[in-house]
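Student:
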Amino acid sequence: MSDDRKPPCALIVIPCLNEETHIGGLVTKLLRTTAHLDVRIVVADGGSTDATIPIVEQIMAGTDRVALVHNPRRLQAPAVNLAVERFGVGCEFLLRIDAHGRYPSDYCERLLEDARRTGADSVVVSMRTEGRSRFQQATAAAQNSRLGTGGSSHRHASGGAWVDHGHHALMRMDAFRAVGGYDESFSHNEDAELDHRLRAAGYRIWLSGSTYMIYYPRSTIPALFRQYLAYGRGRARNMMKHRARPKLRQALPLLVFPTALFSLFSFVHWSATVPAVLWAGACLSYAGVMALQRGRPSLILAGVSAMVMHLAWSLGFWLQVLGMPVGRRAAG
Numbered sequence: 131m132s133d134d135r136k137p138p139c140a141l142i143v144i145p146c147l148n149e150e151t152h153i154g155g156l157v158t159k160l161l162r163t164t165a166h167l168d169v170r171i172v173v174a175d176g177g178s179t180d181a182t183i184p185i186v187e188q189i190m191a192g193t194d195r196v197a198l199v200h201n202p203r204r205l206q207a208p209a210v211n212l213a214v215e216r217f218g219v220g221c222e223f224l225l226r227i228d229a230h231g232r233y234p235s236d237y238c239e240r241l242l243e244d245a246r247r248t249g250a251d252s253v254v255v256s257m258r259t260e261g262r263s264r265f266q267q268a269t270a271a272a273q274n275s276r277l278g279t280g281g282s283s284h285r286h287a288s289g290g291a292w293v294d295h296g297h298h299a300l301m302r303m304d305a306f307r308a309v310g311g312y313d314e315s316f317s318h319n320e321d322a323e324l325d326h327r328l329r330a331a332g333y334r335i336w337l338s339g340s341t342y343m344i345y346y347p348r349s350t351i352p353a354l355f356r357q358y359l360a361y362g363r364g365r366a367r368n369m370m371k372h373r374a375r376p377k378l379r380q381a382l383p384l385l386v387f388p389t390a391l392f393s394l395f396s397f398v399h400w401s402a403t404v405p406a407v408l409w410a411g412a413c414l415s416y417a418g419v420m421a422l423q424r425g426r427p428s429l430i431l432a433g434v435s436a437m438v439m440h441l442a443w444s445l446g447f448w449l450q451v452l453g454m455p456v457g458r459r460a461a462g
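Numbered continuously in this note's numbering, the sequence shown closes out at residue 462.
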């Protein structure tokens, strides 16, 4: 194989926390599907208390292609930064893998091909959300639709396009280092924040049309609410840090919490509930049409999931803007 066709060196980083159910199968699959590539896999563990670490150590005993790093900061941003600092020397590419996601067998190979073909500094992917339980399936339907995402490009299938942001998959190591890596003060939205700095520095982001990832949403309403509360806070921090204005698809959900708050004044006049009723009606109607079109009555719950996501995201955003702290759960 000539030098220009030689597979480039890549560092795969998997941030994780208590992923005993998924980590063994994921790392084993990556070892098998990247056997022909020059790849090092690093699991960055945020302090797992289940069997995650023993599972990884057992895999490490049979190969030198897997390493384990302990991430005392627990969050995903410092996990990736730490792995790059310790194992990234000599690697041309950084690939970020979510421990709770599912990936096609040729995922890494497709990303590297996209980077080589387009010259992109970052290759991002679409997310296809799937669910196992009835509530997860409804949430997945909402997240795969404009009702839940407002038309975000990386939430829908793509034929390949230059974008401002997407779900992180591959970055050129030089570009990642040049902008300082992830901002470790971000518990959520660290990917969008980094994409802002990449674009500001003149780097280009390509949304792959040749591969994707599968994501499983939260399985309960409280867990979904907490997730989107944190997303809202992260988005507000990002906009405040870079003095950016929200896009239309972000501005509309911002009105949800003020609308819900305004409805509390219904004791003054019933009309105070009208905006909230219209919002709820729009969500349930959209979900109802989707349920009818697909012949699945249970998808009416997608309207409930969308309402939870909108309200939590809006509340988180405004809490951050107003400087009001809330409890934050660390994520591996």
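Don't be surprised by glycine CBs; every beta carbon is placed ideally from N, CA and C.
Predicted model only: the values in this text are computed from it and were never measured.
Output the distance between the C-alpha atoms of V157 and I171, rounded to the nearest integer angstrom.
Tutor: For the purposes of this step, residue 157 is taken as the residue at position 27 of the sequence shown. For the purposes of this step, residue 171 is taken as the residue at position 41 of the sequence shown. Between V157 and I171, the C-alpha separation is close to 8 Å.
Student: Beta-carbon separation of Q266 and P352 under 9 Å?
Tutor: As a first step, residue 266 must be located in the sequence shown, where it is residue number 136. As a first step, residue 352 must be located in the sequence shown, where it is residue number 222. Not closer than 9 Å, so no.
Student: Pick from P405, L324, M437: whose alpha carbon is nearest that of L414?
Tutor: If you number the sequence shown from 1, residue 414 lands on position 284. Measuring from the Cα of L414, the nearest candidate turns out to be M437.
Student: Determine the DSSP secondary structure at T182, reduced to helix, strand or coil.
Tutor: What you label residue 182 is simply residue 52 of the sequence shown in a count that begins at 1. Helix, per DSSP.
Student: Grouping DSSP H, G and I as helix and E and B as strand, with all else coil, what is M439?
Tutor: Locating residue 439 in the sequence shown gives position 309, where the first residue counts as 1. Residue state, collapsed to three classes: helix.
Student: Between which two residues does the alpha helix (DSSP H) harbouring G418 extend?
Tutor: Taking the sequence shown and counting its residues from 1, one reaches residue 418 at position 288. Where G418 is concerned, the enclosing alpha helix (DSSP H) stretches over 404 to 424.
Student: Taking all protein chains shown into account, decide if R367 is buried (16 or more other Cβ within 10 angstroms of its Cβ) or exposed.
Tutor: The residue you call residue 367 lines up with position 237 of the sequence shown. Answer is buried; the Cβ neighbour count reaches 16.
Student: Please state the DSSP three-state secondary structure of D313.
Tutor: By 1-based counting over the sequence shown, the position of residue 313 is 183. Correct three-state label for D313: coil.
Student: On a Cα-Cα basis, can you pick out the residue from C139, A174, V143, F447 that is closest to G166?
Tutor: As a working mapping, residue 166 is identified with position 36 in the sequence shown. Per the sequence shown, the amino acid found at residue 166 is His instead of Gly. Selected option, being the one with the closest Cα: C139.
Student: Quickly, what does DSSP pair S235 with across the bridge? List them, please.
Tutor: Numbered from its first residue, the sequence shown carries residue 235 at position 105. Answer by DSSP bridge pairing: none, since S235 is not bridged.
Student: Cβ atoms of V254 and L160: under 9 Å apart, would you say?
Tutor: Taking the first residue of the sequence shown as position 1, residue 160 is located at position 30. Taking the first residue of the sequence shown as position 1, residue 254 is located at position 124. Contact flag unset, no.
Student: Does DSSP classify M257 as helix, strand or coil?
Tutor: Here residue 257 is taken as the residue at index 127 of the sequence shown, counted from 1. Note: M257 maps to strand in three-state DSSP.
Student: Apart from the five residues just before and just after D133, which ones in its own chain have a Cβ nearer than 6 Å to its Cβ?
Tutor: For the purposes of this step, residue 133 is taken as residue 3 along the sequence shown, with counting starting at 1. A caution first: D133 carries a pLDDT of 42, below 50, which makes its placement in the model unreliable, though a value can still be read off. Counting only Cβ-Cβ distances below 6 Å, and skipping sequence neighbours, we find nothing.
Student: Among the candidates L205, L242, R195, whose CA atom is the shortest distance from the CA of G176?
Tutor: Reading the sequence shown from its first residue, position 46 is the one you call residue 176. Closest by alpha carbon: L205.
Student: Measuring only the C-alpha atoms, how far is V386 from F355?
Tutor: What you label residue 386 is simply residue 256 of the sequence shown in a count that begins at 1. What you label residue 355 is simply residue 225 of the sequence shown in a count that begins at 1. Their backbone Cα atoms lie some 14 Å apart in a straight line.
Student: Should T341 and L241 be called a contact, given that it needs their Cβ atoms to be closer than 9 Å?
Tutor: As a first step, residue 341 must be located in the sequence shown, where it is residue number 211. As a first step, residue 241 must be located in the sequence shown, where it is residue number 111. Yes, they are a contact pair.
Student: From R135 to E243, what does the alpha carbon distance come to, in whole angstroms?
Tutor: If you number the sequence shown from 1, residue 135 lands on position 5. If you number the sequence shown from 1, residue 243 lands on position 113. Because R135 carries a pLDDT of 48, less than 50, the predicted location of this residue cannot be relied on, and no value is offered for it.
Student: Considering only the alpha carbon of each residue, which of I335, A360, D168 lies closest to E320?
Tutor: In the sequence shown, counting from the first residue as 1, residue 320 sits at position 190. Closest option to E320, Cα to Cα, is A360.
Student: Suppose contacts are defined by Cβ-Cβ distances below 9 Å. Is D294 in contact with K371 by that definition?
Tutor: The residue given as residue 294 occupies position 164 in the sequence shown. The residue given as residue 371 occupies position 241 in the sequence shown. Not in contact: D294 and K371 (Cβ atoms no closer than 9 Å).
Student: Taking the beta strand (DSSP E) that V173 falls in, what are its first and last residues?
Tutor: Taking the first residue of the sequence shown as 1, we reach residue 173 at position 43. Its beta strand (DSSP E) spans residues 169 to 175.
Student: Taking its Cβ as the centre, do 16 or more other Cβ atoms sit within 10 Å of Q450, making it buried, or is it exposed?
Tutor: Within the sequence shown, the letter at position 320 stands for residue 450. Looking at its Cβ environment, which holds 16 or more other Cβ atoms inside 10 Å, Q450 is buried.
Student: For the ligand MN, I want to know if R329 counts as a neighbour, meaning its beta carbon is within less than 8 Å of at least one of the ligand's heavy atoms.
Tutor: What this structure holds is no ligand at all, so the ligand MN is not there to describe.
Student: Just checking, does the segment 426 to 433 make contact with the segment 271 to 279 on the three C-beta pairs under 8 Å criterion?
Tutor: With a cut-off of 8 Å, the segment 271 to 279 and the segment 426 to 433 count as touching, because enough Cβ pairs lie within range.
Student: Helix, strand or coil for T269? Go by DSSP, reduced to three states.
Tutor: Indexing the sequence shown from 1 puts residue 269 at position 139. Helix, per DSSP.
Student: Can you have a look at T350 and say buried or exposed, based on whether 16 or more other CB atoms are within 10 angstroms of its CB?
Tutor: Position 220 of the sequence shown, counted from the start, is the residue given in the question as residue 350. The residue in question, T350, is exposed, as its Cβ has fewer than 16 Cβ neighbours within 10 Å.
Student: Going straight from the alpha carbon of R334 to that of A402, what length do you get?
Tutor: What you label residue 334 is simply residue 204 of the sequence shown in a count that begins at 1. What you label residue 402 is simply residue 272 of the sequence shown in a count that begins at 1. Rounded to whole angstroms, R334 to A402 spans 46 Å at the Cα level.
Student: What residue does the beta strand (DSSP E) around V105 start on, and which one ends it?
Tutor: Nothing can be reported for residue 105, as the shown portion of the chain is limited to 131 through 462.
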